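In what follows, a structure is listed as structure tokens, so that the remarks can point back to it.
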Amino acid sequence: DTEVTQTPKHLVMGMTNKKSLKCEQHMGHRAMYWYKQKAKKPPELMFVYSYEKLSINESVPSRFSPECPNSSLLNLHLHALQPEDSALYLCASSQVGTALRGTIYFGEGSWLTVV
Amino acid sequence: AQTVTQSQPEMSVQEAETVTLSCTYDTSESDYYLFWYKQPSSGEMIFLIYQGSYDQQNATEGRYSLNFQKARKSANLVISASQLGDSAMYFCAMSFNAGNNRKLIWGLGTSLAVNP
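Quick note, the sequences are listed as chains Z and R, same order.
Quick note, the first sequence lines up with residues 19 to 133 if you use my numbering.
Quick note, the second sequence lines up with residues 884 to 999 if you use my numbering.
Structure representation (structure tokens):
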């Protein structure tokens, strides 16, 4: 069983709605990630938090707003999304630092449909 | 530039057989790690196995082994005694440092079908 849990599993939202995706990990990791994945493609990195601070934003549109309330939680706030934002959103976590050995562990993902 | 290539978009194998999924990579770094992930249709991205560039022995985790040939820059995943539940998309990824953060470069994936 994955140690990174994501809720909700499925979300359908209108283009004017505000919703949030939530992620929690209890592995003591201090780096957390949001990825977006379209069908039959590899994941694309959106954001990285390191020690609860945003360290990487891969030029993601402002309609996606990440938040890291504490070392175990990561949220992705969604507002005024477009149908092309429909995708699988994956949360992940890992150890921090330059050591490359640390594996990045993923959650089960949240399937988002924008109508 | 750092790249990861999975040359087999789709593969199929009979149950109980051994299958090898191809992954080649290119990097100018001497210190890097290669990972394999499995993604069933449910969406979860499951970590399978990793190999470090300085590791002397090929990694093994249960039915999964990684055939690492550094000179050829290849890191093939070998699945032995394949099972129906192995049907999934498999991604190869390479880890590199971006400042104090870790990033993954992904291959395009191989869709594996295990037939009864």
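All residues carry an ideal CB built from backbone N, CA and C; glycine is no exception.
Here the structure is a predicted model, which means the values were calculated and not measured.
Of the listed residues the options, nearest to residue i (C-alpha basis)
i	options	result
Asn892/R	Ala884/R, Glu900/R, Ser905/R and Thr901/R	It is Pro, not Asn, that sits at residue 892/R in the sequence shown. When each option's Cα is compared against that of Pro892/R, the closest is Ser905/R.
Ala121/Z	Asp914/R, Phe918/R and Ser890/R	Contrary to the premise, residue 121/Z reads as Thr rather than Ala in this sequence. Ranking the options by Cα distance to Thr121/Z, first place goes to Phe918/R.
Cys86/Z	Lys71/Z, Asn35/Z, Leu96/Z and Glu126/Z	Lys71/Z
Val887/R	Asn959/R, Pro999/R, Arg985/R and Leu995/R	Asn959/R
Pro101/Z	Thr131/Z, Ser73/Z and His28/Z	Thr131/Z
Glu911/R	Arg985/R, Met977/R and Asn984/R	First, the amino acid is wrong: residue 911/R is Ser here, not Glu. If we check each option's Cα against that of Ser911/R, Met977/R comes out closest.
Glu944/R	Lys953/R, Ser925/R and Leu931/R	Leu931/R
Glu21/Z	Gly125/Z, Val133/Z and Trp129/Z	Gly125/Z
Ser80/Z	Gln24/Z, Asp103/Z and Tyr51/Z	Asp103/Z
His97/Z	Ser68/Z, Gly127/Z and Val133/Z	Val133/Z
Thr23/Z	Gly926/R, Thr901/R, Cys975/R and Leu949/R	Gly926/R
Leu29/Z	Ser83/Z, Leu106/Z, Tyr123/Z and Pro84/Z	Leu106/Z
Pro15/Z	His95/Z, Tyr67/Z and Tyr123/Z	For chain Z, the structure presents residues 19 to 133; residue 15/Z sits outside this window and is missing.
Asn998/R	Ile929/R, Ala884/R and Met894/R	Met894/R
Val114/Z	Ser77/Z, Tyr67/Z and Glu42/Z	Tyr67/Z
Gln966/R	Lys953/R, Gln952/R, Leu995/R and Ile929/R	Leu995/R
Met50/Z	Leu99/Z, Val78/Z, Ser77/Z and Ser73/Z	Ser73/Z
Environment of residue i [buried if 16+ CB atoms lie within 10 Å]
i	result
Ala964/R	exposed
Lys54/Z	buried
Tyr937/R	exposed
Gln922/R	buried
Ala899/R	exposed
Ala1023/R	This structure cannot settle anything about residue 1023/R, because the visible part of chain R is limited to 884 through 999.
Tyr69/Z	exposed
Ser971/R	It is Ala, not Ser, that sits at residue 971/R in the sequence shown. Its Cβ being crowded by 16 or more others within 10 Å, Ala971/R is buried.
His47/Z	buried
Ala884/R	exposed
Ser948/R	buried
Ala57/Z	exposed
Arg954/R	Strictly speaking, residue 954/R in this sequence is Ala, with Arg absent from that position. So Ala954/R counts as exposed.
Span separating the alpha-carbon of residue i from that of residue j
i	j	result
Asn934/R	Ser112/Z	Here residue 934/R is Gln; the residue named in the question, Asn, does not match the sequence. Cα to Cα, the separation comes out at about 16 Å.
Asp909/R	Lys956/R	7 Å
Thr907/R	Lys40/Z	35 Å
Ser89/Z	Asn75/Z	18 Å
Gln889/R	Leu92/Z	31 Å
Lys986/R	Phe979/R	6 Å
Lys59/Z	Ser128/Z	16 Å
Thr901/R	His44/Z	35 Å
Tyr915/R	Ile962/R	23 Å
Ser108/Z	Gln939/R	Here residue 108/Z is Leu; the residue named in the question, Ser, does not match the sequence. One C-alpha to the other measures close to 33 Å.
Gly968/R	Tyr123/Z	20 Å
Gln897/R	Ser83/Z	45 Å
Gly990/R	Trp52/Z	18 Å
Met928/R	Tyr920/R	6 Å
Tyr973/R	Asn984/R	24 Å
Ser77/Z	Cys975/R	24 Å
Phe951/R	Ser924/R	28 Å
Glu42/Z	Ile988/R	24 Å
Gly992/R	Thr903/R	13 Å
Could you list the residues in the region 967–980 of chain R with a C-beta less than 9 Å from some C-beta on chain Z, going in chain order? Met972, Phe974, Ala976, Ser978, Phe979 and Asn980
Contacting positions in the region 57–75 of chain Z - beta carbon closer than 8 Å to chain R: Lys58, Lys59, Pro60, Pro61, Leu63, Val66, Ser68, Ser73 and Ile74
Across the region 56–65 of chain Z and the region 21–34 of chain Z, are there enough close Cβ pairs to call them in contact, namely three or more that are closer than 8 Å? no
Between the region 117–132 of chain Z and chain R, which residues of the former have a C-beta closer than 8 Å to a C-beta of the latter? Within the region 117–132 of chain Z, the residues whose Cβ lies closer than 8 Å to some Cβ of chain R are Leu118, Arg119, Gly120, Thr121, Ile122, Tyr123, Phe124, Gly125, Glu126, Gly127 and Trp129, listed in chain order.
At a CB distance below 7 Å, what residues from the region 99–113 of chain Z approach chain R? Give them in sequence order. Leu106, Leu108 and Ser112
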